[in-house]
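Here is the structure we will look at.
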Amino acid sequence: MSKIKPKVIEVDEIVVKFAGDSGDGMQLSGSQFSDTTAFTGNDLSTFPDFPSEIRAPQGTIAGVSGFQIHIGHKEVTTPGDQADVLVALNPAALKANIAWVKPGATIIVDIDYFDNKGYKKAGFVEDPLNDGSLLGYNVVKAPITSLSRASVRDLGLDIKSAERTRNEFALGILYWLFNKDLKYGEQYIDQRFKSKPVLAVANKKVLRAGYNYAETVEALRTTYQIHPIESRTGRFRNITGNIAAAWGLIAASEKSGRDLFLGSYPITPASEILQELSKRKSLGVKTFQAEDEIGGINSAIGAAFAGDLAATSTSGPGLSLKGEAIGLAVMTELPLVIINVQRAGPATGLPTKPEQSDLLQALYGRNGESPVVVLASSTPANCFFYAFQAAKIALEHMVPVIMLSDGYLANGAELWKVPEMSELPDIHPPMVEDNDEDYQPYGRNPETLARYWALPGQEGLRHRIGGLEKENITGLVSHGPLNHERMVKLREEKVQRVANYVPELELVGEDTGELLVIGWGGTYGALVSAVTDLQEEGKKISLAQFNYIKPLPRNTKKILESFKKIIVVEMNAGQFAFYLRALYQEFNFIQYNKVQGIPFMISELKEKFNQILEG
Amino acid sequence: MEDQANPSKVAEKVTKADYKVDQPVKWCAGCGSFAILSSVQSALAESGVRKEDVVFVSGIGCSSRFPYYINTYGFHGLHGRAAVIASGMKVANPNLDIWHITGDGDSMAIGGNHFIHLVRRNIDINVLLFNNKIYGLTKGQYSPTTPRGSVTKTSPDGTIENPFKPGELTMGAQGTFFARVVDTEPKRMKEVFLAASKHKGASVVEILQNCVIFNNRIHSEITGKDVRDDHQIFLKHGKPMIFGKNHDKGLVLEKSRLEVVTIGENGITEKDILVHDAHNPDDTTHYMLVRMTLPEYPVATGIIRSVSDTTYDKALQDQVKEAKENSKIKCMDDLLRQNSWIVK
Ligand code: SF4
């Protein structure tokens, strides 16, 4: 085999998509490759895309699992609209992804799987490699499976285990294509197969085989170099939204001195929060896997009464089930964090696909007047900060706080500049001294209106609270009509006053202009890319991305007044627009909505904004 | 808060009066719950538990107003959910002595799931289940323990459902403690409540409670002065299962079935009578005892089952302790630095 000296092209960014069968280990390949790119100093943003069935029929479109990674020399904010390189381990993976591949992209297929049987399962009528449909792409037909098997032949693996190494072969090709050092991949494999040394050897061999193979392929004569991102120093790691959210809660526990209790029930795509926290007992974290969603939140309410930083994690259907209990936390004025990782609904909906359609549920989805604080994280990494912030607000204001994440943030990963605990603010819950003679169960801090938090076990503070309406200050049960109205207003006022303790909204772009783009939560990456691109073209456009939903930042109205047109962009049918219209009737809000279970593409956003700017 | 580490340390002598509230108790006159409240207050005064460590947690229903009527920490929760609220409290602070007050609707219907899981987990909580076999607070609909055929507001033609026996559910969920008492016998209630409080694990006490308004005399076949000795057997660990006005009836095991016999008849002597072993890990006999119903059998009261097993709260505390001792991650900064690298 002759080795061709490659031509190296320097690029600022590149988008790679791996796709294969859900049993092919696509998600692991994705994290291996993203760790390597992160270690080599690139910025990155990733997004896994998997079916809700654990093992849908092999080779079918329903069973395709994918992982997209956007690698940059400059800052990247989304996993990328379309791929520059697609690895398709079977025909179904090609069929499912071809629409999201750039013209002229490199497509690497495992030719061993591209036969009539494979085409039929994937629903191809003609052989896609020969029917002309891939003209204009750089197609690499690699015998991935057979070469993988051949390279581990001497290790005595059974056929299945030998074949399962084939994703490493594909990765090996990518390491070569992007000039990445194999040692990072080998370290990852060693770590992953710590207890199975034979598999570690096999996977490393196949990774190297893929790398060597790529060197010999004419279609891969050009390789790409994405230089490390400059002007960034400090401690970094790669993190997903769910892990970041879990860690934000632990950080708040340490800062407040209250143990963390998570009462939860497994649900896609929020389960990793429960899983991660169950591993953190050394930091005093207690997790309680309840019998259902209702049990999860009620156990958390019990823990809050007893003095823990209490939280529950869930996704849309679970939030519906928790509604009554959130009301109990509102009435008993206990600190409680509810992390809701949104997915497409209603009912079971599209469990693995992101959506922003729980906003109104979070704001209003309960019986009675039941105000809570609502926050939304907007990148995988800032799930850490907003979970921390949710806990801080809950503890200092004695109020339930819902933090909205979504399946896109939860499973997506990005490079994160890791903070030191000393950089985070302190948390001061309104505790009471033993035998405080002035203590009254519903006595309040005059500034925040938070009631004081006396804990069972404390001397001289015995008291009783519950879900029946309370008289202010004394906390005695009261059915008085005027008292009820006063308490309804007081609970709302307490939530509104949180605005005095959170920062004003900062725009991306100028303070005034033609078009204000409004987003909230997980659409940030796509919106900021689209808006800054247009700004570079000289357009008078700015972005207001909301993380504080209730209460809204103090300067919201001022921002709305400063633009000629306002467009609200959401992955739902228009819930934030509905909320803003109710609060600010004097403005005209244009809507742009996408409810497909897939994130916005930067290109479609730019097109829409241009249309409005011109119109 | 030195005392909190040791809940059994009593700083001052606690009396029954310490547990009385100055607010009015609002059950109907003649409701069986008054006697239960009084017995609980007596039991607490004797239990030696620091009064600040006692917490009453309830769901919804007449019985669930209980926390407002006793001077301890208290939490009045949601319908059916108190079992999990209590569980969270116990996990958060294992030093607390937690009493979960519930009724047959609250724990057997809307909260049935939480009930069995509390028992299965064996969390150290005392469950007082006021069983009046009717919905009181919503004014007279049948409950999951209402006898089949009963005419109520929602079963004008008689119920067509089989009732639950709380004891059977407790056994089915691998309960470690089950007792049954009647609301007309304060001394026995106090004795059983004290034992439930001492038991480490989920202690379920079914109290046959009379609702004077909607289901009056539902338990009178068991509790009535004239019939109770013949219709009830108060079980004591290590004592033969003898009952009856004349102390002449007893239980024996015949072909793996319990049978009522009369001492002195057919050559039966006291030696033939089964001896109650509440501590037997095998729950076969306990299960048979909780199922006994009139008229074939007397209704079993007293402590039917009390076996020791690891509690959830203790096991979790142990895991946390072990993790703290062995893990390299001692603080949040340690965790944050994991798998990270420095760019200079
Ligand atoms: S309705 Fe029945 S159970 Fe309820 S308080 Fe009155 S007597 Fe007691």
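Protein chains in written order, with our numbering: chain G, -8 to 606; chain Y, 109 to 452. Note that the Cβ used here is the ideal one computed from N, Cα and C, for glycine as well.
Alpha carbon to alpha carbon, how far is D75/G from T213/G? 13 angstroms
Close Cβ partners of E269/Y (< 7 angstroms) along its chain, the five nearest in sequence each way excluded: R256
Helix, strand or coil for E4/G? Go by DSSP, reduced to three states. strand
DSSP beta-bridge partners of E367/Y: V360/Y
Inter-residue Cα distance where the pair is D3/G and F9/G: 20 angstroms
Outcome for W449/Y when other beta-carbon atoms lying within 10 angstroms are tallied against a minimum of 16: exposed
Mind listing which residues have their beta carbon within less than 5 angstroms of any non-hydrogen atom of the ligand SF4? Chain order is fine. W135/Y, C136/Y, C139/Y, C170/Y, G244/Y, C319/Y, V320/Y and I321/Y
So G280/Y is in the alpha helix (DSSP H); what residue range does that whole segment cover? P274 to G280
Residue range of the beta strand (DSSP E) that P82/G falls in? Careful: P82/G lies outside any beta strand (DSSP E), inside the alpha helix (DSSP H) at P82 to N88.
Using a Cβ-Cβ cut-off of less than 7 angstroms, list which residues of the segment 462 to 486 of chain G approach chain Y; keep chain order. V468
Please name the residue in Q431/G, A441/G, Y433/G and D429/G whose C-alpha comes closest to that of H419/G. A441/G
Starting from H61/G, trace the beta strand (DSSP E) in both directions and tell me its first and last residue. V55 to G63
Are the beta-carbon atoms of A281/Y and V192/Y separated by less than 8 angstroms? no
Could you tell me which chain G residues have their CB closer than 7 angstroms to the CB of L424/Y, listed as they occur along the chain? K277
Cβ of D427/G within 8 angstroms of any chain Y Cβ: no
Pick out whichever of M478/G, M389/G and P544/G has its Cα sitting closest to the Cα of L498/G. P544/G
In chain Y, which residues lie less than 7 angstroms from N402/G when you measure between Cβ atoms? None at all; the shortest Cβ gap to chain Y is about 18 angstroms.
Show which residues of chain Y have a CB atom less than 8 angstroms away from the CB atom of S290/G. V192, I193, S195, G196 and V199
If you count every other CB in all the chains shown that lies within 10 Å of the CB of S413/G, and 16 or more means buried, which is it? exposed
Could one say the Cβ of V428/Y lies closer than 8 angstroms to chain G's Cβ atoms, at least one of them? yes
Take the Cβ of P389/Y as the centre, count every other Cβ of all protein chains shown within 10 Å, and call the residue buried at 16 or more, exposed below. exposed
I need the DSSP call for V227/Y, collapsed to helix, strand or coil. helix
Any residues in the segment 60 to 73 of chain G with a beta carbon nearer than 8 angstroms to a beta carbon of chain Y? Which ones, in chain order? none
Cβ shell of Y243/Y (< 7 angstroms), same chain only, five flanking positions each side left out: G213, Q249 and S251
Tell me, which residues are paired with I329/G by DSSP? T303/G and I393/G
Take Y430/G and list the residues in its own chain whose beta-carbon comes closer than 7 angstroms to its own, dropping the five residues that flank it on each side. V423, Y443, A445 and L452
In three-state terms, what does DSSP make of V162/Y? strand
Cβ neighbour criterion (16 or more within 10 Å) applied to Q333/G: buried
Along the chain, where does the beta strand (DSSP E) containing R413/Y start, and where does it finish? V407 to S414
Which whole-angstrom value describes the C-beta separation of T343/G and P260/G, a residue pair presumed to lie in contact below a C-beta threshold of 8 angstroms? 6 angstroms
Alpha carbon to alpha carbon, how far is K187/G from E315/G? 48 angstroms
Simplified DSSP state of H184/Y, which is helix, strand or coil: strand
Delimiting residues of the alpha helix (DSSP H) encompassing K198/Y: A190 to A200
Would you mind reading off the limits of the alpha helix (DSSP H) that contains H394/Y? T392 to R399
Taking P175/Y as the query, report the chain G residues whose CB atoms sit under 8 angstroms from its CB, ordered along the chain. R455 and G457
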